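The numbering used here numbers the first residue of the sequence shown as 62 and each following residue consecutively.
Even glycine gets a Cβ: it sits at the ideal position worked out from N, Cα and C.
Remember, predicted model here, so these are calculated numbers, not experimental data.
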Amino acid sequence: MNFNTELIHGGSSEDPQTGAVSIPIYRASTFHQHALSAGPKWEYGRSGNPTRAALESLAAQIEGGTAAFAFASGSAAIHTVFSLFSAGDHIIVGNDVYGGTFRLINQFLKRFGLLFTVVDTRDLTAVTDAIQPNTKAIYLETPTNPLLNISDIKALAQIAKAHGLRTIVDNTFATPYNQQPLALGADIVVHSATKYLGGHSDLIAGLAITNDDQIAKQLAFLQNSIGAVLSPDDSWLLQRGIKTLGVRMRAHEENARTIFTYLKSNAKVAKVYYPGDPDSAGYDIAKKQMTGFGAMISFELNKSLDTQKFVESLKIIDLAESLGGIESLIEVPAVMTHAAIPREIRIQNGIQDELIRLSVGLEDIDDLLNDLKGAFDQI
Ligand SMILES: *Cc1c(COP(=O)(O)O)cnc(C)c1O
Numbered sequence: 062m063n064f065n066t067e068l069i070h071g072g073s074s075e076d077p078q079t080g081a082v083s084i085p086i087y088r089a090s091t092f093h094q095h096a097l098s099a100g101p102k103w104e105y106g107r108s109g110n111p112t113r114a115a116l117e118s119l120a121a122q123i124e125g126g127t128a129a130f131a132f133a134s135g136s137a138a139i140h141t142v143f144s145l146f147s148a149g150d151h152i153i154v155g156n157d158v159y160g161g162t163f164r165l166i167n168q169f170l171k172r173f174g175l176l177f178t179v180v181d182t183r184d185l186t187a188v189t190d191a192i193q194p195n196t197k198a199i200y201l202e203t204p205t206n207p208l209l210n211i212s213d214i215k216a217l218a219q220i221a222k223a224h225g226l227r228t229i230v231d232n233t234f235a236t237p238y239n240q241q242p243l244a245l246g247a248d249i250v251v252h253s254a255t256k257y258l259g260g261h262s263d264l265i266a267g268l269a270i271t272n273d274d275q276i277a278k279q280l281a282f283l284q285n286s287i288g289a290v291l292s293p294d295d296s297w298l299l300q301r302g303i304k305t306l307g308v309r310m311r312a313h314e315e316n317a318r319t320i321f322t323y324l325k326s327n328a329k330v331a332k333v334y335y336p337g338d339p340d341s342a343g344y345d346i347a348k349k350q351m352t353g354f355g356a357m358i359s360f361e362l363n364k365s366l367d368t369q370k371f372v373e374s375l376k377i378i379d380l381a382e383s384l385g386g387i388e389s390l391i392e393v394p395a396v397m398t399h400a401a402i403p404r405e406i407r408i409q410n411g412i413q414d415e416l417i418r419l420s421v422g423l424e425d426i427d428d429l430l431n432d433l434k435g436a437f438d439q440i
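Structural data, given as structure tokens:
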């Protein structure tokens with residue numbers, strides 16, 4: 062099956078009982094056991110639910126994995142994946158990862174004795190140099206949030222394999238439509254399914270996917286033990302969102318390309334960050350490992366211009382956190398999504414106070430361009 066067909070017919074999206082083409086929502090906490098036996102297929106809703114299982118089989122298939130696990134948020138998925146490791150284990154983490162991942166590492170996981178080194182994963186020598194005898198994994202995002210930096214997944218996975226480490230990739234920005242880290246050698250993919258996979262800004266969800274049976278067993282144990290599972294209702298909504306991922310991504314990317322071209326040639330714009338920019342540092346790697354460049358664009362206005370006035374002048378594009386929904390969303394990371402990172406670290410990582418991040422939605426492109434033009438006229 063090709064990818065767009067898998068989105069619709071992959072996993073077990075049809076109800077095995079009735080043949081209903083849309084999987085029912087099994088809203089049950091427990092399941093009647095017709096005979097006393099150890100390990101029936103369905104026993105308790107945290108351990109397994111048929112609606113969640115349908116979503117998980119679909120997610121595994123579209124990421125090229127053998128097992129997937131659905132969680133109540135992307136953060137819960139990431140927490141559960143880090144729970145594979147034990148006190149004293151060392152993990153290399155990319156320097157431009159989601160702010161909430163930084164918070165989880167620095168203010169929570171370190172208390173349990175996990176050790177971390179933050180490295181720019183674009184720099185393969187720096188990654189190799191950071192490996193210690195107790196290093197167990199490399200954790201990265203590509204493209205990153207909000208700078209859209211690109212790291213070479215295949216090269217990093219090769220380094221990891223040579224040193225017996227696991228490679229974990231947060232694939233939220235690219236989605237499996239554009240990038241499949243497991244095929245490039247990664248061991249685990251995590252998602253904030255809240256974003257493109259859900260796609261409609263109406264749920265919070267997370268996924269972890271693997272193609273390694275040992276990791277799958279451990280994740281199944283941790284998902285059930287920690288218990289941050291996705292509800293049957295949200296599992297249904299997420300699989301519903303995934304079915305249109307292909308058409309949505311094509312339309313998102315078409316709009317994004319037009320907006321990139323507009324911003325790039327705009328005299329009021331100082332800098333544009335977009336993986337599809339042939340002048341960008343990551344372009345060649347992005348072209349090699351991605352089938353499209355996504356629909357996230359970050360940019361900076363000329364120094365003298367008022368960023369706040371610009372974002373507040375927009376009428377169609379919503380000033381809001383999050384991304385990947387049908388509606389265009391704009392935000393200022395320094396004040397909003399990345400405010401939890403100390404300013405000097407933020408600036409050191411290249412996130413200026415004036416940086417603007419745009420998640421290009423599915424509105425009519427002329428309305429989006431007019432909205433941007435209107436805001437540029439105000440400054
Ligand atoms: C939003 C996001 C997360 C966190 O996911 P939640 O669903 O909000 O918990 C993790 N990684 C990236 C790249 C994100 O954008």
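Buried or exposed: where does residue i fall if 16 or more other Cβ atoms within 10 Å of its Cβ makes it buried?
i, result
"residue 247", "buried"
"residue 225", "exposed"
"residue 159", "buried"
"residue 271", "buried"
"residue 313", "buried"
"residue 255", "buried"
"residue 98", "exposed"
"residue 408", "exposed"
"residue 249", "buried"
"residue 308", "exposed"
Roughly how many angstroms separate the alpha carbons of residue i and residue j, rounded to a whole number?
i, j, result
"residue 257", "residue 334", "19 Å"
"residue 88", "residue 362", "49 Å"
"residue 62", "residue 239", "17 Å"
"residue 175", "residue 194", "14 Å"
"residue 171", "residue 289", "20 Å"
"residue 213", "residue 348", "11 Å"
"residue 80", "residue 73", "11 Å"
"residue 229", "residue 344", "22 Å"
"residue 232", "residue 242", "8 Å"
"residue 164", "residue 141", "15 Å"
"residue 371", "residue 439", "7 Å"
"residue 143", "residue 204", "21 Å"
"residue 281", "residue 182", "29 Å"
"residue 173", "residue 200", "18 Å"
By the three-class DSSP mapping on this structure, what secondary structure does residue i have?
i, result
"residue 387", "coil"
"residue 231", "strand"
"residue 379", "strand"
"residue 357", "strand"
"residue 129", "strand"
"residue 202", "strand"
"residue 331", "strand"
"residue 348", "helix"
"residue 315", "helix"
"residue 268", "strand"
"residue 420", "strand"
"residue 392", "strand"
"residue 105", "strand"
"residue 215", "helix"
"residue 250", "strand"
"residue 370", "helix"
On a CA-only basis, which of the options is nearest residue i? Give me that one, please.
i, options, result
"residue 434", "324, 107 and 195", "324"
"residue 381", "367, 191, 374 and 398", "398"
"residue 417", "384, 425 and 403", "384"
"residue 294", "65, 311, 86 and 157", "86"
"residue 352", "66, 236 and 368", "236"
"residue 437", "234, 368 and 279", "368"
"residue 93", "106, 82 and 215", "106"
"residue 421", "389, 187 and 90", "389"
"residue 330", "342, 299, 364 and 274", "364"
With hydrogens ignored, establish whether the beta-carbon of residue i is closer than 7 Å to any heavy atom of ligand 2.
i, result
"residue 119", "Only ligand 1 can be found as ligands here, which leaves ligand 2 out of the picture."
- [ ] State whether the region 354-370 contacts the region 120-136, with contact taken as three or more CB pairs (one from each stretch) at a distance under 8 Å.
- [x] The region 354-370 is not in contact with the region 120-136.
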